[in-house]
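Just so we're aligned: the sequence shown equals residues 9 to 297 in this note's numbering.
Virtual Cβ for every residue (Gly too), placed ideally from N, Cα, C.
Bear in mind that the values here come from a model prediction, so they are computed numbers and not experimental data.
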Amino acid sequence: MQVHSEIGSMRAALAKCRARGESVGVVPTMGYLHAGHLKLVERACAENDMVVVTIFVNPTQFGPNEDLDAYPRDLERDLAQLAAFAGVQVFAPTVAEMYPQPLQTSVDLAPLGQILIGAARPGHFRGVATVVTKLFNIVQPDRAYFGEKDYQQLTVIRRMVADLSSPITIVGVPTVREADGLAMSSRNVRLTPEDRDAAVVLARALDRGEALLRAGAAEPEPVLTAMREIIAAEPRADLASLDIRDAASLDAVTAIDDRPVVILVTARFGDVLLIDQRVAEKARRSQAA
Ligand code: PAF
């Protein structure tokens, strides 16, 4: 497995693949890989001749009081996990390599990047959209793979690619869950054992919300109320946000019709902010978890 820390070396390796006519997939990550990331890599390997996994904890998407310093990092561990995938190349740049000078250019989505998580974390999606654009410019992939767990991020990137006419197919991959339903996240490692057990309440609340939507709930509010009650019964959970939105646009919905909606939840367990989501449609089908 080749590991590149410099943009020039990454581009040189990619040029050789392109000269052979190979397709390229990219899996952007911030490292501390778990089974959810490996599912993205597996899918990318199945659909492309060559796959680049990027590992970069991007400082510009963290606010001043967020967990940039506490974000888990272990490149050796990540490389050991990726060794199982033959032919994968890793791009793991330093901050100085990615940001040699203060940026004067950024990619901002409004309103999509400023609602929901974007309202609670001002500038977060500007940081995400800008670094993903840089990674796309470095790798120039045919396809890029993102987890559905970070649903607003996936929606932002899909919209960015459409708005900027980027010739890249964005592939959303279903959330991978622990046996009890907790969505896999690099942040789970920071939970205390008690908070780890408590955090399953998010999946339980989503199960209930999805069941009510599928059973024909006509409005979001009763569904949200039932979910809030489930989360409130878990004293270790500090609910930060709970929304039902149009699954494609993330526009607010006042009545549930035949269009798919997404339930979006964020909650703190200790100082760890977890997010989860569920796409649901009236009566006919549910999302594979
Ligand atoms: O989802 C992540 O890990 C990050 O937000 C991403 C897409 C790699 C950009 O830094």
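How many Å lie between residue i and residue j at the Cα?
| i | j | result |
| --- | --- | --- |
| Pro-67 | Gly-131 | 11 Å |
| Thr-37 | Tyr-153 | 10 Å |
| Gln-122 | Asp-205 | 32 Å |
| Leu-199 | Glu-218 | 26 Å |
| Tyr-40 | Arg-85 | 8 Å |
| Tyr-159 | Gln-285 | 7 Å |
| Val-11 | Ala-100 | 7 Å |
| Val-261 | Leu-221 | 13 Å |
| Pro-243 | Glu-237 | 11 Å |
| Ile-264 | Pro-108 | 48 Å |
| Arg-267 | Ala-226 | 12 Å |
| Asp-150 | Ala-20 | 17 Å |
| Asp-259 | Asp-251 | 10 Å |
| Asp-116 | Thr-138 | 8 Å |
| Asp-82 | Arg-212 | 31 Å |
| Ser-249 | Ser-114 | 27 Å |
| Lys-142 | Val-197 | 28 Å |
| Glu-55 | Thr-102 | 29 Å |
| Arg-299 | Leu-22 | In the structure as shown, the chain starts at 9 and stops at 297, and residue 299 therefore has no counterpart that could be examined. |
Using DSSP with H/G/I as helix, E/B as strand and the rest coil, what is residue i?
| i | result |
| --- | --- |
| Asp-251 | strand |
| Ala-297 | The predicted model places Ala-297 with a pLDDT of 42, which falls under 50 and marks its position as unreliable, so this point remains unresolved. |
| Arg-292 | Legend: pLDDT at Arg-292 = 49, less than 50; position of this residue unreliable, value from coordinates given subsequently. Coil at Arg-292, not helix or strand. |
| Phe-277 | strand |
| Phe-99 | strand |
| Phe-93 | coil |
| Arg-244 | coil |
| Gln-285 | strand |
| His-42 | coil |
| Met-192 | coil |
| Gly-135 | helix |
| Leu-199 | coil |
| Ala-152 | strand |
| Arg-185 | strand |
| Met-58 | strand |
Is any heavy atom of the ligand PAF found at a distance shorter than 6 Å from the C-beta of residue i?
| i | result |
| --- | --- |
| Pro-182 | no |
| Met-18 | no |
| Thr-37 | yes |
| Asp-86 | no |
| Asn-66 | yes |
| Asp-259 | no |
| Val-136 | yes |
| Asp-284 | no |
| Asp-82 | no |
| Val-139 | yes |
| Asp-158 | yes |
Could you tell me how far apart the beta carbons of residue i and residue j are, in whole angstroms, since I believe they sit closer than 8 Å?
| i | j | result |
| --- | --- | --- |
| Arg-253 | Leu-272 | 6 Å |
| Gln-15 | Ile-146 | Correcting the residue identity first, residue 15 is Ile in this sequence and not Gln. Yes, they are in contact, since the Cβ atoms of Ile-15 and Ile-146 sit about 5 Å apart, within 8 Å. |
| Glu-202 | Gly-180 | Going by Cβ atoms, the distance from Glu-202 to Gly-180 rounds to 32 Å, so no, they are not a contact pair. |
Determine, using beta carbons only, whether residue i and residue j come nearer to each other than 7 Å.
| i | j | result |
| --- | --- | --- |
| Ile-239 | Leu-247 | yes |
| Val-32 | Ala-52 | no |
| Met-168 | Gly-44 | no |
| Val-209 | Ala-234 | no |
| Val-61 | Val-49 | yes |
| Gln-161 | Val-184 | no |
| Ala-255 | Val-287 | yes |
| Gly-189 | Arg-129 | no |
| Val-65 | Tyr-79 | yes |
| Met-9 | Val-140 | no |
| Glu-30 | Asp-57 | yes |
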